[in-house]
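Q:
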Amino acid sequence: MKKVLFAMMAMMVVLFTACTNKTQAPADGQAPDVEAAVNETTAALSEQIEAQDASKFQEILATVTEKVKEFITTNPEAAKEYVTKIQEFLKENADKIKAFAGDNETINNAINSLTAAPAESIVNSLSSAFEDAKDKAKEKADELKDDTKKALEDKASKVKEGLGI
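Quick look at the structure:
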C-alpha cells in the first residue's frame, strides 16, 4: 500500500512540475540586438542572392518570421525595427531577387507578405497569432492538469475503497 501511495505522490509531483513550465523574461538591461540580427539575416540573404540559390533563399526568408516572433516575446519595438530593416533590404534588392527567383511563387509570396504591409501591421498580426497560440497552449495544459488531477483522485478513492478506509 505504501508503495502505491508513494508512486502516486511521485507521479503527482512530476506532473505538477511539468505543468508549471514558464518562459523566463530576459534579464533587465538585456535588449535584443536588432542590428546583429539584421546584419546576420541580410548577409545570409545577400549570399544566396549572389549564389542564386532559390531554395536556400526561401529558407532564410522563413527564419525572418521566426526571428520576429522571438523579438515580439522580448520587445515588440525591436521586432518592428527588424521588420523595417529587412523590408528595406528586400526592396533595395528586388531586381536581383527577381533575376534569379523569376516566377518562384513561394519566394514571391514570402517577399510580398514581408514588404506589402507596414512593419507595425506585420508585427501586430504575428503578435496576435502568437498570443492566440499561447492562450490555446495554456488552455490545453490546464485541461491536462485537471484531467490528471481527476484521474489521480479517482485512483486514490479506489485505493481507499479497497482498503476499507
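Just so we're aligned, residue 455 is where the sequence shown starts under the working numbering, counting upward by one.
Backbone N, C-alpha and C define an ideal beta-carbon position, used for all residues, glycine too.
So, residue 573 versus residue 538, is the Cβ gap smaller than 9 Å?
A: By one-based count along the sequence shown, residue 573 stands at place 119. By one-based count along the sequence shown, residue 538 stands at place 84. Yes, Cβ-Cβ distance for residue 573 and residue 538 is below 9 Å.
Q: Mind checking which residues open and close the alpha helix (DSSP H) that includes residue 563?
A: For the purposes of this step, residue 563 is identified with residue 109 of the sequence shown, where counting begins at 1. Residues 559-569.
Q: Counting only runs of 4+ residues fully inside the stretch 488-537, write out the alpha helix (DSSP H) ranges in chain order.
A: 488-505, 508-528
Q: Need the endpoints of the alpha helix (DSSP H) that residue 616 sits in, please.
A: For this step, residue 616 is matched to residue 162 along the sequence shown. First-last of the alpha helix (DSSP H) with residue 616: 573-617.
Q: Mark residue 506 as exposed unless 16 or more other C-beta atoms lie within 10 angstroms of its C-beta, in which case mark it buried.
A: One-based indexing of the sequence shown puts residue 506 at position 52. By the 10 Å Cβ count, residue 506 comes out exposed.
Q: Here's the rule I'm using: 16 or more other beta-carbon atoms within 10 Å means buried, otherwise exposed. How should residue 619 be labelled?
A: Locating residue 619 in the sequence shown gives position 165, counting from the first residue. Per the 10 Å Cβ criterion, exposed.
Q: Can the beta-carbon of residue 397 be found less than 9 Å from the beta-carbon of residue 533?
A: Residue 397 is absent from the structure shown; the chain starts at 455 and stops at 619.
Q: Where residue 496 and residue 502 are concerned, what is the direct C-alpha to C-alpha distance, given to the nearest angstrom?
A: As a working mapping, residue 496 is identified with position 42 in the sequence shown. As a working mapping, residue 502 is identified with position 48 in the sequence shown. Roughly 10 Å separates the two Cα atoms.
Q: Should the stretch 541-552 be regarded as contacting the stretch 561-572, the criterion being three or more beta carbon pairs within less than 8 Å?
A: Counting C-beta pairs with one atom in each stretch, the stretch 541-552 and the stretch 561-572 have three or more that are closer than 8 Å, which means they touch.
Q: Look at the Cβ atom of residue 584, then the Cβ atom of residue 510, and state whether they are nearer than 9 Å.
A: Along the sequence shown, one-based indexing puts residue 584 at 130. Along the sequence shown, one-based indexing puts residue 510 at 56. Going by C-beta atoms, residue 584 is not nearer than 9 Å to residue 510.
Q: What whole-angstrom Cβ distance do residue 577 and residue 530 have, given they're in contact under 8 Å?
A: Along the sequence shown, one-based indexing puts residue 577 at 123. Along the sequence shown, one-based indexing puts residue 530 at 76. Confirmed, Cβ separation roughly 6 Å.
Q: CA-CA distance, residue 593 and residue 553?
A: Mapped onto the sequence shown, residue 593 falls at position 139. Mapped onto the sequence shown, residue 553 falls at position 99. Computed Cα separation, rounded: 47 Å.
Q: Starting from the C-beta of residue 478, find all residues in its chain whose C-beta is less than 7 Å away, skip the five residues before and the five after it, and write them out in chain order.
A: As a first step, residue 478 must be located in the sequence shown, where it is residue number 24. Low confidence applies to residue 478: its pLDDT is 44, below 50, so where it sits in the model is not reliable, and the reading given next is rough at best. Nothing listed; no residue qualifies.
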